[in-house]
Amino acid sequence: MTMKVFKPLFTLLLIMSISTAHAQNITQTIRGTIKDADGKNSIIGATVLLMDSSNTKGARTDVHGDFKIDNVPMGRVVLKISAIGYKTQFAQNVIVTSGKEVMLTISMQENIQKLKKVVIKSQKKGEMQNEMSLLSGNSITVDETQRFAGSFQDPSRMVSSLAGVSGLGSEYDNAIIVRGNSPKYVQWRLEGIEIPSPNHFSQLGSSGGAISALNSDLLATSDFYTGAFSAEYGDVLSGIMDMKLRKGNNEKREYAFGIGLLGIDGTMEGPFKKGYRGSYLINYRYSTLSLAQKLGLFDDTDGLPKYQDATFKLFLPTNKFGTFSLFGLMGYSTSGDNGIDSITNELEPNVFADLSRTWSEEYNTSFYTTGVNHFYAINKNTFLETTVSYSANQIFSEEKASSAGQLVNANGAHLRDTSKAEYIDFYGKADQATLRGGTKLNVKINAQHKIQLGTKYIQANYKFTENVFDDDRNQQRTLIDFNHGIGSIRSFVNWKYRISDKFTLVSGVHHFHVLLNGENSFEPRVALKYQLDEKSFLNAGYGKHSTMEAIANYFAKVEMPDGSLQEPNRNLGLLKAHHYVLGYNRRVGKNLNAKVELYYQNLYNLPVRNNDSSYFSTINETSDFSNYDLVNKGTGKNYGMEITLEKFFVNNYYYTANASIYNSKYTALDNIERNTTFNGNYTFNVLFGKEFINIGRKKNKIFGFNGRIIYAGAKKIIPLLRDANGNLAVNPTTDSYRDFSKVYTNGLDDLFQVNFSCSYKINRPKATHEISLDIINVLNNQARVDEYYNPKVNGSVDYVRQLNLLPNFLYRVHF
């Protein structure tokens, strides 16, 4: 990037940050709603107090459960929420800035023994938002997503810092590995319903992509689950990212503008009209590099990624017909590249083609989800929640090539010139459109019992074409060509039984029915939580889970011995697993918590190649697929231990250290137990951060820095062929490259990465300015993750390496 880029950018930031206004006595408003955790009805008369304040401030909730506290000083504050008959709740690390009002939604759990005094001696961090989930889950706050070093304000990159979770590391991809499972088995949800991968440059069947389209400023506190899921969740084996969009400000219009290396975006929110509790929230982002190119700051560079995305939520409460929420997320991304290769191929014995091959490629992705959610309170303790959504995503990829050169004999003598006009070397287009409709009835019988009943119908229509050029036959070969719809029905029942204030049981069953081939799966789930004392608790759980394989595998065209193409995988069954979890959680100090979780996952019914000498199983795939005849006869297992020590963000600093020790194995039809490619065996994370508040002459500035250190075991690979002396022994003429006698036996280098971020925040009377820098892989470590044959490099071996040093500079203003 040249100086002509930096100069106008620096000038813009300087102008935006200059203000002559005085910063003394800058305050803000905290507003929110208090609800019953089980019944979701508003709690009237709850008391909300601002803790550790020189001037005691507080409020009581009105008939809607709403509260409002004015004149709150800047910084991080703690709220104490109490109500008769409910357990006292704390809202920790509430960030107060001048540029935006704070809006909260807080749930409270009813006491079973209403006359018993409940004493809370320590503050606790926020728990999972789904009250039916008791284990293997974490709440994801907006603060953490924006604060953790290397997150790039991306929820996927943020959760890779949790115990039991790791990233792919080697690619510009935010897909995550959960307890040794393939990233493609991670499920994304938005506003309570499944959505396609919300990432730019995603691939077919993948849960990740290069850049997230979800703006963290629009998210509410959400949940991430790693195993033994509640009965509500189906069609998932690995992990669940359950995201929620926050409501817009329904009393005041607010705006935000951001510019960074990843994009330029704007956000607007506010009420529809004065006195109405409804609101709107809208965000749009455009690729910074794409805009810079249009302004002439870059040449028309091949391969420059371009993208844009938008998100919205309309909150529409009514007096008689419940509350409606309209939401949407959409994105478009494109990239391309071209080049020239020199290739020498043996066409037949003693005849070689020495060619110059010119190629170009284009890759486009698009996705959108729009839906409506309806919440209707039948009575104080019973409500019905219904969601209807429509999603569509498309992936287009095309590679073109042409060649010119000459044919030579073994002695190098020229035989004749040869050329091939431009042809399509690869073409792939995948369209998926999915209609989802579901309803969930929640009944709070009393303080001890709650019942959930739900059902959902999904109709997914797929149109997928993929062709490659077959050099041997000098013609296009069709790998996949189908246009089909697949319907499925999922139903569940959940029962929460609070046996006492110390002992909670959640049990249920999930039913999954696939209309394509009549597959059925009845899946029991159970979870227990026992409070040993006021500082520690035990939890345990079991769940049977299942999922469909990537749709391309069902309709893959497999070449038979007679040369015909058939689709033998249409009756492919569901992949299934038993999840077992045991955990222990203890408060070591007032603000220090330790957690240990053991897990075992028994996988079965896995699709493997229908060949008793084959190693192949689909659980080692990420986004690619293979044209094989598959059968559900594979097995696998994941087991491990996760340890976390977390010092909460109190007194302006925090730290977290976690370790995951695990194994991930599978067995195909050759009956040999192997590592999965995702079996790194261990992952260690250390995170830390510090804020310096009330700095500067006017005491209105905050400086913070954060760090993250990652050390993770190498992914297992299929190595290149080598002889006894370790020399490369590949044979391109026979298409022999990999040593299949050492499938996933070892990896190359362990991953080591240091991330760093810092931010500088200025609170003005009517705006908050923030400048931040987030850097992935500060030391630019270049661990080898995989290897491949590349005749253009010395030695013919090249490596896929971990992500290079990658900075993200961001300026944002809220006003």
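All letters in the sequence shown, in the order written, are residues 2 to 816 by this note's numbering. Glycine included, each C-beta is placed from N, C-alpha and C at the ideal position. None of the values given here were measured: they were computed from a predicted structure.
Around the Cβ of residue 420, a 10 Å sphere holds fewer than 16 other Cβ atoms; the residue is exposed.
Cβ-Cβ separation between residue 758 and residue 772: approximately 12 Å, too far for a contact (criterion under 8 Å). When the alpha-carbon of residue 676 is set against those of 739, 665, 618 and 683, the nearest one is in 665.
For residue 147, the uninterrupted alpha helix (DSSP H) run begins and ends at 143 to 148, by DSSP.
Short of 8 Å from the beta carbon of residue 95, and not among the five residues preceding or following it, lie these beta carbons of its own chain, in chain order: 31, 77, 78, 79, 80, 103 and 105. Cβ-Cβ separation between residue 636 and residue 667: approximately 7 Å, consistent with a contact (criterion under 8 Å).
Note on geometry: alpha-carbon atoms of residue 519 and residue 513 lie some 10 Å from one another. No Cβ-Cβ contact shorter than 8 Å links residue 398 with residue 359. A direct Cα-to-Cα measurement between residue 673 and residue 616 gives close to 8 Å. Burial is judged here by how many other beta carbons sit within 10 angstroms of a residue's own beta carbon; residue 554 has at least 16 and is buried.
If you compare the alpha carbons of 523, 199, 488 and 222 with that of residue 393, the shortest gap goes to 199. Straight-line spacing of the CA atoms in residue 48 and residue 510 works out to 38 Å.
Straight-line measurement puts the Cα of residue 571 at about 42 Å from the Cα of residue 686. With the rule of 3 Cβ pairs closer than 8 Å, the segment 252 to 270 does not count as touching the segment 220 to 240. Between residue 373 and residue 593, the alpha-carbon positions lie close to 41 Å from each other. With distances taken between CA atoms, residue 412 lies nearest to 350 out of 563, 350, 730 and 644. Residue 691 and residue 133 have their C-alpha atoms spaced approximately 34 Å apart. In the three-state reduction of the DSSP assignment, residue 796 falls in the helix class. Remark: three or more beta-carbon pairs, one from each stretch, lie closer than 8 Å, so the segment 244 to 258 and the segment 203 to 223 are flagged as touching.
Ranking 744, 702, 382 and 704 by CA distance to the CA of residue 720 puts 744 first. C-alpha of residue 736 to C-alpha of residue 798: approximately 15 Å in a straight line. Sixteen is the threshold: since fewer than 16 other Cβ atoms of the shown chains lie within 10 Å of the Cβ of residue 416, the residue is exposed.
With a threshold of 16 other beta carbon atoms within 10 Å, residue 600 meets it and is buried. Separation of the CB atoms of residue 466 and residue 482 is rounded to 5 Å, and the pair is thereby assigned contact status at 8 Å.
The residues 681, 682, 683 and 751, in chain order, have a CB closer than 6 Å to that of residue 714 in the same chain once the five nearest residues on each side in sequence are set aside. Cβ neighbours of residue 806 within its own chain (closer than 6 Å, five residues either side excluded): 778 and 781. Beyond the five residues adjoining it in sequence on each side, residue 604 comes within less than 6 Å, by CB distance, of 578 and 637 in the same chain, given in chain order. Within the same chain, 214, 286 and 332 come within 6 Å of residue 310 by CB-CB distance, once the 5 residues on both sides are set aside. Burial is judged here by how many other beta carbons sit within 10 angstroms of a residue's own beta carbon; residue 160 has at least 16 and is buried. Per the C-alpha coordinates, the member of 371, 34, 268 and 92 positioned closest to residue 195 is 371. Leaving aside the five residues that flank residue 193 on each side, the residues in its chain whose CB is nearer than 6 Å to its CB run, in chain order, 388. Residue 529 and residue 542 have their alpha carbons spaced roughly 6 Å apart. The shortest CA-to-CA distance from residue 130 to any of 107, 379 and 270 is the one to 107. Annotated as proximal: residue 459 and residue 489, with beta-carbon spacing under 8 Å.
If the five residues before and after residue 783 are omitted, its C-beta is found closer than 6 Å to the C-beta atoms of 802, all from its own chain and listed in chain order. Scanning its chain for C-beta atoms nearer than 6 Å, with the 5 sequence neighbours on each side dropped, one finds around residue 495 the residues 133, 232, 453 and 509, in chain order.
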